[in-house]
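K.L.:
Okay, so the sequence shown: first residue is 798 according to our numbering, each after it adds one.
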Amino acid sequence: MSNLFPPPRRLTRGIALGLGIPFLVGLALLTLTPARVEETMPNLLDLVLSAAHRLGWESLDFTRLEIIANVLVFVPVGILAFVLVPRRLWLLAVVAGPVLSLTIEIAQRLALPHRAATITDVVANSGGALIGVFIAIAGTLLFAPHPTSRPPHTQEAS
Numbered sequence: 798m799s800n801l802f803p804p805p806r807r808l809t810r811g812i813a814l815g816l817g818i819p820f821l822v823g824l825a826l827l828t829l830t831p832a833r834v835e836e837t838m839p840n841l842l843d844l845v846l847s848a849a850h851r852l853g854w855e856s857l858d859f860t861r862l863e864i865i866a867n868v869l870v871f872v873p874v875g876i877l878a879f880v881l882v883p884r885r886l887w888l889l890a891v892v893a894g895p896v897l898s899l900t901i902e903i904a905q906r907l908a909l910p911h912r913a914a915t916i917t918d919v920v921a922n923s924g925g926a927l928i929g930v931f932i933a934i935a936g937t938l939l940f941a942p943h944p945t946s947r948p949p950h951t952q953e954a955s
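(1) Flag this pair as yes or no: are the beta carbons of L886 and A813 separated by less than 8 angstroms?
(2) Is the number of C-beta pairs between the region 918-937 and the region 897-904 that are closer than 8 angstroms three or more?
(3) Quick check for students: name the residue ranges of the alpha helix (DSSP H) that lie wholly in the region 817-867, counting only runs of 4 or more.
(4) Beta-carbon separation of G875 and V930 under 8 angstroms?
(5) Using three-state DSSP, classify S935 as helix, strand or coil.
(6) Count Cβ pairs between the region 906-925 and the region 844-857 that sit closer than 8 angstroms; are there 3 or more?
(7) Can you name the start and end residues of the alpha helix (DSSP H) that A908 belongs to?
(8) Measuring only the C-alpha atoms, how far is H920 from A866?
(9) In angstroms, rounded to a whole number, what distance separates the CA positions of G811 and P805?
(10) Taking just the CA atoms, how far does V872 sit from N922?
(11) Distance, Cα to Cα, L821 vs A878?
(12) Is L814 helix, strand or coil by DSSP?
(13) Report back the beta-carbon spacing between F802 and R884 to the nearest angstrom; my notes put them in contact at under 8 angstroms.
(14) Go ahead and label A890 buried or exposed: buried means 16 or more other beta carbons lie within 10 angstroms of its beta carbon, across all protein chains shown.
(15) Tell me which same chain residues have a C-beta within less than 8 angstroms of the C-beta of A893, skipping the five on either side of it?
Structure below.
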């Protein structure tokens, strides 16, 4: 199966690391600090909810918005995992997001008891990471250069 997915170019891995490291630092700050998002950015959440309601999405409430945000914030985790994991071990990219999410939720439960550590977050985060892996697989299959296969060399009878 690793032949199905050609390895990323060195530049692609470099870009993934260059974007991924600050992203993961931001994710850690978002999830592993005492302040909850709704406490630090209430105006942003109110703005998003009111815009959604004006556009006709009346059923969107804070709980649904939080689930959508959890899915979306983990899509890059799946993409990064697929790009950075060696191709022969590409299935590790599938479990990287759920493992990271579970680790975050356990850390929140143990070290940040005022934060809400929930199974719903793990499921939403894992779903987002899987979407990211599928996006990366699709991008690889569509855009990555594939080695040309040459027919086996046959010797002519002399």
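Just so it is clear, CB atoms sit at the ideal spot from N, CA and C, and this is done for glycine as well.
P.N.:
Put simply:
(1) no
(2) yes
(3) 834-837 and 839-851
(4) yes
(5) One point to set straight first is that residue 935 is Ala, not Ser, in the sequence displayed. In this structure, A935 counts as helix in the three-state DSSP scheme.
(6) no
(7) L888 to A908
(8) One point to set straight first is that residue 920 is Val, not His, in the sequence displayed. One C-alpha to the other measures close to 12 angstroms.
(9) 10 angstroms
(10) 8 angstroms
(11) 12 angstroms
(12) helix
(13) 5 angstroms
(14) buried
(15) V874, G875, A878, V882 and A926
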